[in-house]
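Following: one structure in structure tokens, then a few remarks.
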Amino acid sequence: MAKNRGYGRAETTTPALGSLDFALDRGSPVPLYYQLAQQLEAAIEHGVLAPGNLLGNEIDLSVRLGLSRPTVRQAIQTLVDKGLLVRRRGVGTQVVHSQVKRPLELSSLYDDLEEAGQGPTTQVVRNELVPAAPDVAAALGIAEGGEVTVLERLRFTHGQPVAFLCNYLPAGLLDLDTARLEATGLYRMMRSAGITLHSAHQTIGARAATAEEASRLDEKEGAALLTMQRTAYDDTGRPVEYGTHVYRASRYAFDFQLLVRP
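Numbering follows full-length UniProt numbering, with no gaps: position 16 of the sequence shown is 16.
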């Protein structure tokens with residue numbers, strides 16, 4: 001799957017805005033370019049505009065929407081900067097992808113992507129038994145040097161890499177067949193094996209991509225990455241998985257709600 005650098009769908013060669021109804025409030029203090037950009041982003045996020053869809057050129061868009069060309073250009077540039085659109089010479093403006101927004105809860109990235117209609121696929125890079133390093137042993141509550149299974153996987157949406165996942169599991173916890181790992185999510189395999197996930201301790205951060213990470217994730221070296229470190233526990237309190245993941249910040253965000261403490 002790593003060799004597939006396409007969009008995962010056939011390109012749409014006709015403009016895709018004909019069926020969209022834009023509600024632009026010309027009397028609002030919110031700039032028209034921003035209103036248009038927000039509504040285009042919402043259409044991309046909800047799959048109304050799919051990867052590969054063409055929006056047409058700026059002149060066509062300005063005529064269709066009754067807006068000035070600079071207004072349309074600024075709206076498009078806003079989404080180009082976010083990595084949602086790309087300008088193609090001789091073709092026009094094309095949808096690239098929507099940003100993945102993941103809820104901050106104990107869930108599988110595979111399940112979240114599938115639920116959001118993102119078409120997740122997986123390439124297993126590594127699946128083998130190794131001696132547990134000190135941090136892995138501490139997280140999983142085993143002796144340093146004890147055997148653990150290490151999984152390294154690339155996760156794709158619409159054929160584009162979005163995350164590199166490294167997970168450690170106690171040896172013998174479950175059958176980690178590579179073919180199954182490429183067809184479904186790790187947490188689904190755990191549930192099928194009768195393992196009930198109950199809670200997790202998770203730390204989220206950010207840093208620049210190394211050269212190796214940039215190559216894997218189709219980014220430039222030094223590009224922004226989101227990081228997540230998680231230890232998951234089953235309903236008996238046993239640590240069953242320790243993961244260190246990196247995500248493309250241009251394509252991924254954690255989404256959560258904050259409540260005021262009483």
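Backbone N, C-alpha and C define an ideal beta-carbon position, used for all residues, glycine too.
These numbers come from a predicted model, not from an experiment.
Which first and last residues belong to the alpha helix (DSSP H) in which residue i is found?
i	result
residue 71	69 to 81
residue 135	134 to 140
So residue i is in the beta strand (DSSP E); what residue range does that whole segment cover?
i	result
residue 54	54 to 56
residue 49	Segment: none, residue 49 is in no beta strand (DSSP E) and carries neither H nor E.
residue 163	160 to 170
residue 96	Residue 96 -> no beta strand (DSSP E), and no H or E assigned at all.
Helix, strand or coil: how does DSSP classify residue i here?
i	result
residue 87	strand
residue 288	Lying outside 1 to 262, the shown extent of the chain, residue 288 is not represented and no answer is given.
residue 234	strand
residue 186	helix
residue 225	strand
residue 248	strand
residue 242	strand
residue 144	coil
residue 125	strand
residue 210	coil
residue 176	coil
residue 154	strand
residue 30	coil
residue 5	Model confidence at residue 5 stands at a pLDDT of 34, short of 50, so the residue's coordinates are unreliable; what they give is reported in the following sentence. Residue 5 falls in the coil class under three-state DSSP.
With C-beta atoms as the reference, is residue i less than 8 Å away from residue j?
i	j	result
residue 147	residue 174	no
residue 85	residue 93	yes
residue 140	residue 233	no
residue 178	residue 235	no
residue 158	residue 51	yes
residue 153	residue 136	no
residue 162	residue 73	no
Quick check on residue i - is its C-beta less than 8 Å from some C-beta in chain B?
i	result
residue 223	Considering every chain present, this structure includes no chain B. It has just one protein chain.
My understanding is that residue i touches residue j, with C-beta atoms under 8 Å, so please give their C-beta distance in whole angstroms.
i	j	result
residue 131	residue 240	So it is not a contact: roughly 19 Å between Cβ atoms.
residue 168	residue 149	7 Å
residue 206	residue 224	6 Å
residue 88	residue 80	Contact flag wrong, Cβ pair sits at about 11 Å.
residue 36	residue 49	At roughly 13 Å, the Cβ-Cβ gap does not stay under 8 Å, so residue 36 and residue 49 are not in contact.
residue 245	residue 227	7 Å
residue 180	residue 190	The Cβ separation is near 12 Å, so there is no contact.
residue 123	residue 182	7 Å
residue 217	residue 248	5 Å
residue 164	residue 120	Rounded, the Cβ-Cβ distance is 14 Å, inconsistent with contact.
residue 32	residue 71	5 Å
residue 65	residue 22	6 Å
residue 95	residue 53	5 Å
residue 288	residue 229	For residue 288 there is no data in the structure shown, the boundaries of the chain being 1 and 262.
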